[in-house]
Amino acid sequence: MTAPRQFQSPLILTLRLDKATHKLLTDLRSKYFPPHRNFLTAHVTLFHAIPAHRFNELDDQLNSICSSRSGWDVFFGEPEKMGNRGVYLIVRERPSSTVERIHRQLLTDLKRGIREDKDKLTNQDLQTMRKPHVTVLNKASNEEQVDTCLKEVKEFFDGLKTDGQKEGQHKGRAVGFELWEYLGGPWKSIKQYSFKGEDIDSPEKQES
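The sequence shown begins at 12 in the numbering used here and counts up one residue at a time.
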């Protein structure tokens, strides 16, 4: 029997995107995110701080999901303001709300597995997932930076517009999950999961 894997820091779960989409979004993030705060590549976060000792339980849940379902199409386009200090891109999906349903399933399973205080999720992770997104800019020093980013990112996607489209967008693919260990800024990738039939070619690691 394989010994349980042990981690010291909270675990982060993200949705894996196809390599071309991941690179496009990471390039946008690298252009606008404050360099001294930008430890990471682009990501869609499902859970932010799962207790480290629950890895094996979560691993079983993710393997079960990936063995029973294929990936799906995702779309990125119109940027939105995130308060007065950031800009993000909403993940639009086909079928719609797919990642939200998966999040709800995982949340139900994780809540069911709570036996004592150390198993509990944070208030943030207990919330229903409403707007899966990729952050392009956060913690800007002033609102002018936010407005500039919003304008330029909108122009970027407008440039992708084809005949018959009202708004430009990039079409990509959700191909699996990635699990990370939080290192106080950077994240360390600990395992990747692929949906049935999806390419296992992975994004770059989120390490400093």
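From the three backbone atoms N, C-alpha and C, an ideal C-beta is built for every residue, glycine too.
Helix, strand or coil for residue i? Go by DSSP, reduced to three states.
i	result
residue 62	coil
residue 206	coil
residue 28	strand
residue 16	coil
residue 172	coil
residue 109	helix
Please work out which residues of its chain come closer than 6 angstroms, Cβ to Cβ, to residue i, disregarding the five sequence neighbours upstream and downstream, and give them in chain order.
i	result
residue 54	25
Using a 10 Å radius around the Cβ and a threshold of 16 neighbouring Cβ atoms, would you call residue i buried or exposed?
i	result
residue 29	buried
residue 151	buried
residue 105	exposed
residue 65	buried
residue 57	buried
By Cβ distance below 7 angstroms, which residues in the same chain neighbour residue i in space, the five residues on each side in sequence not counted?
i	result
residue 215	Low confidence applies to residue 215: its pLDDT is 44, below 50, so where it sits in the model is not reliable, and the reading given next is rough at best. Answer for residue 215: 52, listed in chain order.
residue 131	125
residue 95	154 and 157
Taking 7 angstroms as the cut-off, is the beta-carbon of residue i closer than that to any non-hydrogen atom of the ligand GDP?
i	result
residue 57	Of the ligands one can find in the structure shown there are none, so the ligand GDP has no counterpart to examine.
Leaving out five residues before and five after residue i in sequence, what residues of the same chain have Cβ atoms less than 8 angstroms from its Cβ?
i	result
residue 20	63, 192, 193, 194 and 195
Are the segment 102–120 and the segment 40–47 touching, with three or more C-beta to C-beta distances below 8 angstroms?
no
Just checking, does the segment 116–123 make contact with the segment 60–72 on the three C-beta pairs under 8 angstroms criterion?
With the cut-off at 8 angstroms, the segment 116–123 and the segment 60–72 touch.
Just list the beta strand (DSSP E) runs in the segment 32–86, keeping only unbroken ones of 3 residues or longer that don't cross its boundaries, in chain order.
55–61
Does the contact criterion of 3 or more C-beta pairs under 8 angstroms hold for the segment 202–209 versus the segment 80–89?
yes
Touch check for the segment 169–186 and the segment 135–144: three-plus C-beta pairs under 8 angstroms?
Contact fails: fewer than three Cβ-Cβ distances are below 8 angstroms.
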